[in-house]
Amino acid sequence: QRVQIARDIHDDLGAQLTQLLLMGEVAQREQPADSPARGQFTQICDCARELARAMDEVVWAVNARRDTVRDFASYVCKYAQLFLETTSIRCRLDVEPDMPSTTFDLHERRNLFLAVKEALNNAAKYSRAGELYVRIFRRDNRLFVIVEDNGSGFDPDKLSGERNGLTNMVQRMAEVGGTCEIFSRPGEGCRVTFNVPLLEGKRRWFQRPPAEKLQAELN
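Counting from 3, one number per residue, gives the positions in the sequence shown under the numbering used here.
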């Protein structure tokens, strides 16, 4: 059933988004270079592309054929390369060879992916890095993903309380029985280490730690 849902989303919504994008590009080309409408059509096209990328993520998450450790590692690497190619940050990949095709539960892999996505977004926005490494490997029946940059770094104790991205990463990992460790110092870049248990397809639910514990782990 999940495979069918993923296929329907891809074929139906994907086709409509592609049609919307093509129509927007045609309308954009028909406008004079100095026309305000041309800029508006550009925004419409950019929005359609973002929606298409978001839809691809949903399709990947829902599709039961993608519930493997190997597919997760492959998807994260492709996402990181695509995400960083429009930035000045060079993406480096270090992935354990021969990742297994064993089951990786939807709940765990979705939360881990969103946490990694947030780490990449933070690096692109704030790090001023020249290189970023994504490392993926297994150890003691746990899957590790490390996102490390050589940027300007920061002092975690001096971050504004309004920035919830780091707290959200810690919380997502706690919800699936994993951890998120953040190390950074001014001038020394930033390293974010995620790990989750590989449960071989057995669903487990974890109690969310209280807010004060999450903040203590973040600090």
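Ideal placement from N, C-alpha and C gives every residue a C-beta, glycine not left out.
Note that the structure is a prediction, hence the values are computed from the model and not measured.
Status (buried if at least 16 other CB within 10 Å, exposed otherwise) for residue i
i, result
"Asp107", "buried"
"Gly155", "buried"
"Ser90", "exposed"
"Asn124", "buried"
"Phe185", "exposed"
"Val28", "exposed"
"Glu280", "It is not possible to answer for residue 280, since the shown part of the chain is limited to 3 through 221."
"Leu153", "The amino acid occupying residue 153 in the given sequence is Gly; Leu does not appear at that position. Classification of Gly153: buried, given that the 10 Å Cβ count is 16 or more."
"Gly41", "exposed"
"Ala39", "exposed"
"Gln21", "exposed"
"Gly189", "exposed"
Residues sharing a beta bridge with residue i, DSSP
i, result
"Tyr135", "Arg94 and Glu150"
"Pro199", "Arg144"
"Thr70", "Thr105"
"Thr2", "For the chain, the structure presents residues 3 to 221; residue 2 sits outside this window and is missing."
"Ser186", "Cys192"
Spatial distance of residue i from residue j (CA atoms)
i, j, result
"Glu133", "Leu201", "33 angstroms"
"Arg51", "Met57", "10 angstroms"
"Val223", "Cys49", "Nothing can be reported for residue 223, as the shown portion of the chain is limited to 3 through 221."
"Asn197", "Met175", "8 angstroms"
"Arg141", "Pro102", "13 angstroms"
"Arg73", "Leu168", "Residue identity check: residue 73 is Asp in the sequence provided, not Arg. One C-alpha to the other measures close to 26 angstroms."
Residue closest to residue i, alpha-carbon to alpha-carbon, out of the options
i, options, result
"Ile138", "Val172, Asp100, Arg112 and Arg130", "Asp100"
"Val60", "Val28, Glu190, Asn113 and Gln83", "Asn113"
"Asp151", "Val172, Thr105, Cys192 and Asp48", "Cys192"
"Arg144", "Ala131, Asn170 and Thr181", "Thr181"
"Gln45", "Tyr81, Ala35, Asp36 and Gln30", "Gln30"
"Thr70", "His109, Phe85 and Leu161", "His109"
"Phe146", "Thr169, Lys160 and Pro199", "Pro199"
"Thr195", "Met171, Arg55, Arg67 and Asp73", "Met171"
Check: residue i C-beta below 8 angstroms from any heavy atom of the ligand NAP
i, result
"Gly191", "This structure lacks the ligand NAP, and indeed carries no ligand of any kind."
Anticipated Cβ contact below 8 angstroms, residue i with residue j, distance rounded
i, j, result
"Tyr135", "Arg94", "5 angstroms"
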